[in-house]
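Visitor: Residues 12 to 372, numbered by my numbering, are exactly what the sequence shown covers, in order.
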Amino acid sequence: MTRAYNFSAGPATLPEAVLRQAQAELLEWNGVGASIVEISHRSAEFIEVAAQAESDLRTLLAIPDDYAVMFLAGGATTQQALLALNFAAPGQIADYIVSGHWGQTAIKQVRHYVTANVAASSEAGGFTDLPAREHWRLSEGAAYVHITANETIHGVEFRNTPDTGEVPLFADFSSSIASEPVDVSRYGLIYAGAQKNLGPVGVSVVIVRRDLLQREGQPRADIFDYRSHVARDSMLNTPPTWNWYLAGLVFKWMLAEGGVEEFARRNAAKSALVYQAIDDSGGFYRNEVAAAARSRMNIPFFLADDTLTARFVSQSREAGLLALKGHKAVGGIRASLYNAMPVAGAQALVDFMRDFQQRHG
Ligand code: PMP
Numbered sequence: 012m013t014r015a016y017n018f019s020a021g022p023a024t025l026p027e028a029v030l031r032q033a034q035a036e037l038l039e040w041n042g043v044g045a046s047i048v049e050i051s052h053r054s055a056e057f058i059e060v061a062a063q064a065e066s067d068l069r070t071l072l073a074i075p076d077d078y079a080v081m082f083l084a085g086g087a088t089t090q091q092a093l094l095a096l097n098f099a100a101p102g103q104i105a106d107y108i109v110s111g112h113w114g115q116t117a118i119k120q121v122r123h124y125v126t127a128n129v130a131a132s133s134e135a136g137g138f139t140d141l142p143a144r145e146h147w148r149l150s151e152g153a154a155y156v157h158i159t160a161n162e163t164i165h166g167v168e169f170r171n172t173p174d175t176g177e178v179p180l181f182a183d184f185s186s187s188i189a190s191e192p193v194d195v196s197r198y199g200l201i202y203a204g205a206q207k208n209l210g211p212v213g214v215s216v217v218i219v220r221r222d223l224l225q226r227e228g229q230p231r232a233d234i235f236d237y238r239s240h241v242a243r244d245s246m247l248n249t250p251p252t253w254n255w256y257l258a259g260l261v262f263k264w265m266l267a268e269g270g271v272e273e274f275a276r277r278n279a280a281k282s283a284l285v286y287q288a289i290d291d292s293g294g295f296y297r298n299e300v301a302a303a304a305r306s307r308m309n310i311p312f313f314l315a316d317d318t319l320t321a322r323f324v325s326q327s328r329e330a331g332l333l334a335l336k337g338h339k340a341v342g343g344i345r346a347s348l349y350n351a352m353p354v355a356g357a358q359a360l361v362d363f364m365r366d367f368q369q370r371h372g
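#1: Do Gly228 and Asn309 have their C-beta atoms closer together than 7 Å?
#2: I'd like the list of long-range same chain contacts for Pro250, defined as Cβ closer than 8 Å, with 5 residues on each side in sequence excluded.
#3: Between which two residues does the alpha helix (DSSP H) carrying Leu30 extend?
#4: Could you tell me whether any non-hydrogen atom of the ligand PMP is closer than 6 Å to the CB of Ala377?
#5: Could you round the C-beta distance between Val341 and Ile164 to whole angstroms and report it? I think they count as a contact, below 8 Å.
#6: For Gly114, is the beta carbon positioned less than 6 Å from some heavy atom of the ligand PMP?
#7: Thinking just about the alpha-carbon of each residue, which of Arg197, Ser150 and Leu319 is nearest to the one in Ala160?
#8: Under the three-state reduction of DSSP, which class applies to His240: helix, strand or coil?
#9: On a Cα-Cα basis, can you pick out the residue from Arg370, Phe274 and Glu329 that is closest to Gln354?
#10: Please list, in chain order, all residues of the same chain as Asn278 whose beta carbon is under 6 Å from its beta carbon, the five residues on each side excluded.
#11: What does the alpha-carbon distance come out to for the pair Gln63 and Lys263?
#12: Check each candidate in Gln358, Thr172 and Ser186 and name the one with the smallest Cα separation from Trp88.
#13: In the DSSP assignment, find the unbroken alpha helix (DSSP H) run with Ala355 in it and report its ends.
#14: Could you give the C-beta distance for Leu209 and Tyr16, rounded to a whole number, given that I count them as a contact under 8 Å?
#15: Using beta-carbon positions only, say whether Val217 and Gln369 come within less than 7 Å of one another.
#16: Using 6 Å as the cut-off, classify the Cβ of Asp222 as near or not near the heavy atoms of the ligand PMP, replying yes or no.
#17: Can you tell me whether Ser185 sits near the ligand PMP, meaning its C-beta is under 6 Å from at least one heavy atom of the ligand?
Okay, structure coming up:
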């Protein structure tokens with residue numbers, strides 16, 4: 012069995028070199044006589060791994076010193092709830108820009124804690140575009156403005172960082188973190204579940220401007236308090252050590268490959284290949300997202316004849332292209348092209364698409 016090209020939206024494909032290293036080290040790691048999954052998070056050896064991972068992520072994303080970085084158990088959804096608890100007073104307004112499914116989820120998580128104001132939404136248009144900045148109705152004195160940098164299901168991505176003035180911008184980067192350079196200083200907070208571009212599911216990265224941690228927030232358990240996590244270097248309790256270690260290997264791999272500038276180039280090339288194949292298909296395939304908002308990471312598309320969709324999925328799987336079935340919320344096909352997907356994988360998909368069209372068009 013050889014490794015196929017895996018277009019899963021998450022958990023997603025990881026760099027083969029990273030998996031091989033983890034495999035080689037699994038039984039006995041770094042001369043400690045045990046696996047990394049069997050040693051204490053308080054051991055000098057693990058603390059070194061954790062600190063190196065943070066340092067490498069800081070290099071990769073050029074994170075300024077006045078930003079804290081946390082590696083936390085729990086997914087992006089957990090962070091969506093913690094945002095309100097940590098940074099908004101009870102019942103305070105928080106503005107949400109909804110450009111797809113995950114923006115809606117983010118609001119669901121904070122309902123009990125804040126007055127979530129939908130400052131703009133592209134739902135009426137089926138989430139095929141970003142809500143235009145000039146139509147956002149931001150609130151006076153909002154705790155923060157929340158955006159989803161890349162909507163994993165609807166395939167809609169912010170290509171520019173919106174200006175929210177004095178109100179800090181909080182962004183869910185789960186499916187696009189480290190896919191291109193980002194000016195972290197434009198954000199109050201960036202969060203991401205690891206399972207797309209950073210590593211295995213089970214750990215989230217939170218990057219927050221330190222002054223925001225002074226906010227009182229809401230009554231909450233210590234374990235839900237970002238200040239406590241920052242104060243203890245994300246080791247308030249037992250952290251997901253395996254995930255943290257693997258993410259660290261992915262960071263090293265990304266740096267060795269040329270950093271986020273190189274991934275920006277590859278991601279642009281991969282997504283251009285697939286969009287081109289869709290747009291050149293004479294309507295056999297169709298992507299409905301406005302050109303300027305098209306995601307480089309997740310490309311949902313449809314076959315003009317939907318009765319062919321199941322056949323496309325099964326034949327692509329037989330051709331070594333995994334997990335192309337679209338999310339049930341939108342149907343059709345979805346190709347996820349995260350950092351670990353090589354350009355050759357996107358090319359293999361495009362070759363299959365053209366071949367499939369020839370046989371069924
Ligand atoms: N936000 C985005 C943009 C996502 O893609 C996902 C997961 N697909 C989530 C949030 C939820 O992440 P988790 O399952 O880690 O809570």
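Ideal Cβ positions, reconstructed from N, Cα and C, are used throughout, including at glycine. From a predicted model like this one, the values you see are computed outputs, not experimental measurements.
Guide: Quick answer:
#1: no
#2: Taken in chain order, the residues that qualify are His52, Ala61, Phe82, Leu83, Ala84 and Val214.
#3: Unbroken alpha helix (DSSP H) run through Leu30: Glu27 to Glu36.
#4: The structure shown does not extend to residue 377, since the chain is modelled only from 12 through 372, so no value can be given for it.
#5: Contact flag correct, Cβ pair sits at about 6 Å.
#6: no
#7: Arg197
#8: helix
#9: Note on identity: in this sequence residue 354 is Val, with Gln being the wrong assignment. Its Cα nearest to that of Val354, the residue Phe274 stands out among Arg370, Phe274 and Glu329.
#10: Ser190 and Arg307
#11: Note on geometry: alpha-carbon atoms of Gln63 and Lys263 lie some 9 Å from one another.
#12: Going by the sequence as given, residue 88 is Thr instead of Trp. Checking every option, the nearest Cα to that of Thr88 belongs to Ser186.
#13: Val354 to His371
#14: Wrong, their Cβ atoms sit about 20 Å apart, outside the cutoff.
#15: no
#16: no
#17: The ligand PMP has a heavy atom closer than 6 Å to the beta-carbon of Ser185.
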